Amino acid sequence: MEDNATLVAPHADEVPDTALLVAFSNGDAQAGRQLVARLGPMLFGYAARVLGDHGEAEDVVQETMLRLWKMAPDWRQGEAKVSTWAYRVTMNLCSDRLRQRQARPQVALESVAEPAADLASVVDIMTARQRSETLDAALSVLPDRQRQAVVMRHLEGFSNPEIAEIMDIGVEAVESLTARGKRALKKALYGKREELGFEDDRKQP
Amino acid sequence: MTGNSRDDIALETLFAAGRSERPLPSGEFLDRIAASADAGAARPAPATLPVLRLAWLGRVFAASGLSGAAALGVWIGFVMPEALDALTLGGDDTVALATFLPGTDLEAILNE
Numbered sequence: 025m026e027d028n029a030t031l032v033a034p035h036a037d038e039v040p041d042t043a044l045l046v047a048f049s050n051g052d053a054q055a056g057r058q059l060v061a062r063l064g065p066m067l068f069g070y071a072a073r074v075l076g077d078h079g080e081a082e083d084v085v086q087e088t089m090l091r092l093w094k095m096a097p098d099w100r101q102g103e104a105k106v107s108t109w110a111y112r113v114t115m116n117l118c119s120d121r122l123r124q125r126q127a128r129p130q131v132a133l134e135s136v137a138e139p140a141a142d143l144a145s146v147v148d149i150m151t152a153r154q155r156s157e158t159l160d161a162a163l164s165v166l167p168d169r170q171r172q173a174v175v176m177r178h179l180e181g182f183s184n185p186e187i188a189e190i191m192d193i194g195v196e197a198v199e200s201l202t203a204r205g206k207r208a209l210k211k212a213l214y215g216k217r218e219e220l221g222f223e224d225d226r227k228q229p
Numbered sequence: 314m315t316g317n318s319r320d321d322i323a324l325e326t327l328f329a330a331g332r333s334e335r336p337l338p339s340g341e342f343l344d345r346i347a348a349s350a351d352a353g354a355a356r357p358a359p360a361t362l363p364v365l366r367l368a369w370l371g372r373v374f375a376a377s378g379l380s381g382a383a384a385l386g387v388w389i390g391f392v393m394p395e396a397l398d399a400l401t402l403g404g405d406d407t408v409a410l411a412t413f414l415p416g417t418d419l420e421a422i423l424n425e
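In the order they appear, the protein sequences are chains A and B. Take the first sequence: its position 187, counting from 1, is numbered 211 in this note's numbering, and each next residue is one higher. Take the second sequence: its position 80, counting from 1, is numbered 393 in this note's numbering, and each next residue is one higher.
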């Protein structure tokens with residue numbers, strides 16, 4: 025799996041995020057632009073996965089960055105990584121939006137039928153795009169916390185301790201969330217077997 | 314291989330696809346956020362140190378002005394008493410005292 029440390033931590037010859045934030049708070053707009061270039065795509069990818077909506081993801085990332093600019097003068101070095109802080113804000117904003125979405129239909133995971141076909145054989149014949157779309161659809165039925173933990177662990181590539189820091193919970197709680205999230209994902213995928221073509225696949229010679 | 318482990322492999326295949334098909338923001342959106350960075354950096358700095366220093370100096374001057382002026386007057390009177398003659402009313406101390414003590418019949422007091 026891709027290690028998110030390569031996405032978050034600057035290379036040796038790069039200025040650390042914290043230094044950029046301090047420079048920004050001293051009026052250096054270019055430092056702010058560099059932070060946008062580093063954090064913007066990461067936060068957007070995360071929010072888009074969690075929310076399943078690019079427009080809402082843009083709103084969330086924009087709000088996150090505005091809050092970052094606002095608190096830049098009060099940033100205390102050594103307290104947290106800028107990226108960790110930004111992910112936490114984005115995560116909370118995503119949670120707010122997910123809570124407001126009462127209309128989105130949720131699959132009753134407990135009532136999903138037992139597997140009637142082999143998921144692996146279906147996934148094998150999918151294109152990369154189909155696999156990604158299938159994953160997004162399955163993620164959308166997960167409870168908020170499980171969804172965010174699974175996205176951070178398996179798509180963003182964060183370690184469990186990093187997720188624990190972002191979510192402000194213990195590492196064991198993260199492990200529990202991701203394990204339950206993966207089980208729920210499998211159930212959701214089997215619940216969508218007709219959409220995914222399990223039945224058609226079994227009819228093929 | 315058990316069905317469960319095959320499911321895990323299938324799930325990992327989906328995750329790998331998800332990582333390679335990462336949602337990307339538009340350039341226009343990133344430009345918009347960058348513009349917000351420009352605006353944020355351009356806003357006036359809140360209560361900077363130089364301003365605080367000037368305010369502090371102002372308070373010091375105000376507090377020390379009265380006592381400083383009094384001390385300066387004492388010093389001038391001590392080292393250059395003749396220079397103050399020009400400021401008195403013709404050197405008539407009685408008139409000057411009478412002026413500073415209105416309503417007091419100084420002549421009557423002196424005659425007692």
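Note that the Cβ used here is the ideal one computed from N, Cα and C, for glycine as well. Predicted model only: the values in this text are computed from it and were never measured.
Once DSSP output is grouped into helix, strand and coil, what is the label at residue i?
i      : result
G181/A : coil
E219/A : helix
D192/A : coil
S339/B : coil
W99/A  : coil
L166/A : coil
E441/B : The question about residue 441/B has no answer here: the residues shown for chain B are numbered 314 through 425.
E186/A : helix
Locate the alpha helix (DSSP H) running through residue i, then write down its first and last residues.
i      : result
G205/A : 195-215
W109/A : 106-124
D83/A  : 78-95
T42/A  : 41-49
D148/A : 143-148
W153/A : First, the residue type needs correcting, since residue 153/A is Arg and not Trp in the sequence shown. From DSSP, the alpha helix (DSSP H) with R153/A extends over 152-163.
G64/A  : 53-75
E175/A : It is worth fixing the name first, because residue 175/A is Val in this sequence and not Glu. That residue, V175/A, is in no alpha helix (DSSP H); it is neither H nor E in DSSP.
Among the options, whose alpha-carbon lies nearest the alpha-carbon of residue i?
i      : options                        : result
F182/A : S107/A, D120/A, T151/A         : S107/A
E103/A : D120/A, I190/A, E157/A, A173/A : I190/A
E82/A  : V60/A, D142/A, G51/A           : V60/A
T151/A : V387/B, S333/B, G390/B, R319/B : S333/B
E80/A  : L44/A, R217/A, R125/A          : R125/A
P338/B : Q58/A, S49/A, L67/A, L44/A     : L67/A
E341/B : P65/A, L166/A, W93/A           : P65/A
T114/A : G69/A, G51/A, V174/A           : G69/A
N184/A : Q58/A, V198/A, R169/A          : V198/A
R204/A : D192/A, M89/A, L163/A, E180/A  : L163/A
Practice task
Using a Cβ-Cβ cut-off of less than 8 Å, give me the residues of the segment 65-91 of chain A that come near chain B, in sequence order.
Solution key: P65, F68, G69, A72, R73, H78, A81, E82, V85, Q86, M89, L90
Practice task
Name, going along the chain, the residues of the segment 317-343 of chain B whose beta-carbon falls closer than 7 Å to a beta-carbon of chain A.
Solution key: R319, D320, I322, A323, L324, T326, L327, F328, A330, G331, R332, S333, E334, R335, P336, L337, P338, F342, L343
Handout entry: Contact residues within the segment 158-177 of chain A, judged by C-beta distance below 7 Å to chain B
Key = T158, L159
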